[in-house]
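Number 402 in our numbering belongs to position 319 of the sequence shown; there are no gaps in the numbering. Heads up, the beta-carbon is just placed ideally off N, CA and C, and yes, glycines get one too. Report on one structure; see the data block that follows.
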Amino acid sequence: MSLKKSLFISYDGLTDPLGQSQILPYYVGLSKLGHQITILSCEKVANFEKNRDLVQAKCLAANIQWHYTFYKANIPVISPSLNTYRLKKKAQMIFRSANFDLVHCRSIIPANIGYNLCKNSAAKLIFDIRGFWADERVDGKIWSLSNPIYRFLYHHFKRKEKILFAKADAIVTLTENAKEYIKTFFETKNNFLVVPCCVDINHFDPNTIENEKVKQLKNELNIPENNFVITYVGSLGARYMLREMLEFYKEFKTLKQDSNLLFISKSDTSDIHGICQEIDLDSKSIVITSCEYNEIPSYISIGNASIFFIVTSFSGKAVSPTKQAEVMSLGLPIVANSGLGDTDSILKSTQCGIVLTDFNKESYRESAKQLLEFNKPKKEIRAAALELFTSEMGINRYHELYKNL
Numbered sequence: 084m085s086l087k088k089s090l091f092i093s094y095d096g097l098t099d100p101l102g103q104s105q106i107l108p109y110y111v112g113l114s115k116l117g118h119q120i121t122i123l124s125c126e127k128v129a130n131f132e133k134n135r136d137l138v139q140a141k142c143l144a145a146n147i148q149w150h151y152t153f154y155k156a157n158i159p160v161i162s163p164s165l166n167t168y169r170l171k172k173k174a175q176m177i178f179r180s181a182n183f184d185l186v187h188c189r190s191i192i193p194a195n196i197g198y199n200l201c202k203n204s205a206a207k208l209i210f211d212i213r214g215f216w217a218d219e220r221v222d223g224k225i226w227s228l229s230n231p232i233y234r235f236l237y238h239h240f241k242r243k244e245k246i247l248f249a250k251a252d253a254i255v256t257l258t259e260n261a262k263e264y265i266k267t268f269f270e271t272k273n274n275f276l277v278v279p280c281c282v283d284i285n286h287f288d289p290n291t292i293e294n295e296k297v298k299q300l301k302n303e304l305n306i307p308e309n310n311f312v313i314t315y316v317g318s319l320g321a322r323y324m325l326r327e328m329l330e331f332y333k334e335f336k337t338l339k340q341d342s343n344l345l346f347i348s349k350s351d352t353s354d355i356h357g358i359c360q361e362i363d364l365d366s367k368s369i370v371i372t373s374c375e376y377n378e379i380p381s382y383i384s385i386g387n388a389s390i391f392f393i394v395t396s397f398s399g400k401a402v403s404p405t406k407q408a409e410v411m412s413l414g415l416p417i418v419a420n421s422g423l424g425d426t427d428s429i430l431k432s433t434q435c436g437i438v439l440t441d442f443n444k445e446s447y448r449e450s451a452k453q454l455l456e457f458n459k460p461k462k463e464i465r466a467a468a469l470e471l472f473t474s475e476m477g478i479n480r481y482h483e484l485y486k487n488l
């Protein structure tokens with residue numbers, strides 16, 4: 084058991100909101116515990132220009148070496164291939180420059196790079212799967228299997244995934260559900276770690292939220308002070324069930340007229356008003372905004388509850404929504420659909436939210452009634468989050484894994 088020199092490779096950028104919330108805190112923590120951390124990330128130019136100085140300062144303060152390439156997305160298939168090539172060449176250069184003990188890879192594309200680095204060295208490979216990547220792209224309608232190119236890519240990455248499960252010295256999953264599936268159906272070295280999406284509980288602390296700030300935000304967004312507000316925070320896209328969330332809110336609004344549904348998202352939200360027209364929901368009570376990462380706690384705190392419905396096909400086994408940890412840390416209940424990673428089992432066991440059983444009017448109405456009757460104190464919801472989702476818990480789990488490899 085010893086402290087390690089680790090090369091962490093990520094296809095996500097440290098300057099992305101996800102990088103700031105779901106990558107950097109872990110490696111700052113691991114560095115403080117004595118591990119030597121080098122990070123290689125793939126940065127989006129707009130986020131890099133906006134957040135480079137902030138991220139660089141955090142890395143320097145934590146004695147983390149940060150290297151990066153740039154992400155391009157202008158040509159389907161070709162751009163991702165070039166992104167991967169640049170990441171691979173940079174990783175090879177960094178790997179040759181130091182005697183790394185570990186190569187820790189976030190998702191399958193970095194893991195392919197890491198596997199080739201480790202093959203002819205003593206370095207150990209950590210496959211931090213995040214999700215069943217190829218299946219997520221099919222389930223999210225990014226790849227159509229009727230297209231021969233995407234069909235080839237799907238089977239190519241599934242073959243790579245199988246090899247990586249067998250060869251990785253450790254496999255990290257976001258959920259128990261995903262871990263059990265991999266253990267059952269794949270050859271592995273049987274060294275697993277489960278680390279759900281965690282958050283900085285000091286950042287998402289209701290005791291640090293200023294009431295005046297929340298009132299000001301409500302006023303700026305034209306939300307009446309006493310309205311019941313349901314928030315949705317984060318990305319929107321094919322995997323996120325926007326229509327069903329709006330259908331739920333339509334039923335909720337019949338029970339609670341003085342209410343709003345607030346979307347806090349940097350994604351394209353242009354579909355929202357069109358769907359409202361299709362389902363005959365008055366969109367005047369729908370509020371759409373966005374904010375920077377440091378403002379998210381204040382914006383979530385506008386709400387009385389939060390909602391997310393996410394597609395629960397095969398790839399859903401591995402999903403651990405960051406928004407669940409953020410919202411519960413702020414002491415607010417969640418309305419979510421069943422069959423999503425460990426989310427429904429957590430909400431049921433902790434009694435910190437409502438689990439929707441079906442997507443129909445009766446189920447929406449029953450869940451809406453349950454939400455209006457929900458009375459678990461904020462401090463008890465936050466206490467559950469502190470047991471499950473703290474960054475410190477995630478850091479300590481990674482620390483033990485690192486030491487034991």
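Assign residue i to one of three DSSP states: helix, strand, or coil.
| i | result |
| --- | --- |
| residue 387 | coil |
| residue 154 | coil |
| residue 124 | strand |
| residue 119 | strand |
| residue 111 | helix |
| residue 434 | coil |
| residue 419 | strand |
| residue 291 | helix |
| residue 395 | coil |
| residue 253 | strand |
| residue 278 | coil |
| residue 439 | strand |
| residue 88 | strand |
| residue 227 | coil |
| residue 509 | It is not possible to answer for residue 509, since the shown part of the chain is limited to 84 through 488. |
| residue 412 | helix |
| residue 93 | strand |
| residue 267 | helix |
| residue 286 | coil |
| residue 458 | coil |
| residue 215 | coil |
| residue 236 | helix |
| residue 309 | coil |
Quick one: Cα of residue i to Cα of residue j, how far?
| i | j | result |
| --- | --- | --- |
| residue 125 | residue 94 | 5 Å |
| residue 294 | residue 414 | 15 Å |
| residue 107 | residue 427 | 28 Å |
| residue 440 | residue 447 | 9 Å |
| residue 378 | residue 102 | 16 Å |
| residue 474 | residue 253 | 20 Å |
| residue 144 | residue 290 | 27 Å |
| residue 133 | residue 100 | 11 Å |
| residue 189 | residue 419 | 26 Å |
| residue 109 | residue 255 | 14 Å |
| residue 404 | residue 318 | 11 Å |
| residue 313 | residue 140 | 36 Å |
| residue 182 | residue 266 | 31 Å |
| residue 316 | residue 223 | 19 Å |
If you compare alpha carbons, which of the options is closest to residue i?
| i | options | result |
| --- | --- | --- |
| residue 305 | 460, 432, 123, 385 | 385 |
| residue 464 | 488, 279, 435 | 435 |
| residue 356 | 328, 480, 292 | 328 |
| residue 235 | 248, 221, 247, 246 | 221 |
| residue 481 | 98, 102, 117 | 117 |
| residue 191 | 141, 285, 211 | 211 |
| residue 206 | 239, 250, 241 | 250 |
| residue 342 | 368, 323, 331, 334 | 368 |
| residue 159 | 89, 430, 233, 171 | 233 |
| residue 394 | 412, 113, 442 | 442 |
| residue 302 | 224, 354, 382, 282 | 382 |
| residue 310 | 351, 240, 91, 388 | 388 |
| residue 238 | 363, 218, 411, 267 | 218 |
| residue 326 | 338, 297, 366 | 366 |
| residue 248 | 215, 258, 259 | 215 |
Counting only beta-carbon separations shorter than 7 Å, does residue i have a partner in chain D?
| i | result |
| --- | --- |
| residue 373 | Within the model displayed, chain D is absent; a lone protein chain is all it includes. |
Residue ranges of each beta strand (DSSP E) run of no fewer than 3 residues wholly in the stretch 311-391, ordered along the chain? 311-316, 342-347, 369-372, 388-391
Evaluate the contact criterion for the stretch 335-350 versus the stretch 366-374: three or more CB pairs, one atom per stretch, below 8 Å. yes
Just list the alpha helix (DSSP H) runs in the stretch 123-211, keeping only unbroken ones of 4 residues or longer that don't cross its boundaries, in chain order. DSSP runs (the alpha helix (DSSP H)) wholly in the stretch 123-211: 128-144, 161-180, 191-201.
Would you call the stretch 421-435 and the stretch 455-474 touching, i.e. three or more CB-CB distances under 8 Å? yes
So, does the stretch 214-232 touch the stretch 269-281, judging by three or more C-beta pairs under 8 Å? no
Are there three or more Cβ pairs, one per stretch, closer than 8 Å when the stretch 141-157 is compared with the stretch 116-133? yes
Any chance the stretch 450-460 sits against the stretch 393-408, with 3 or more Cβ pairs inside 8 Å? no
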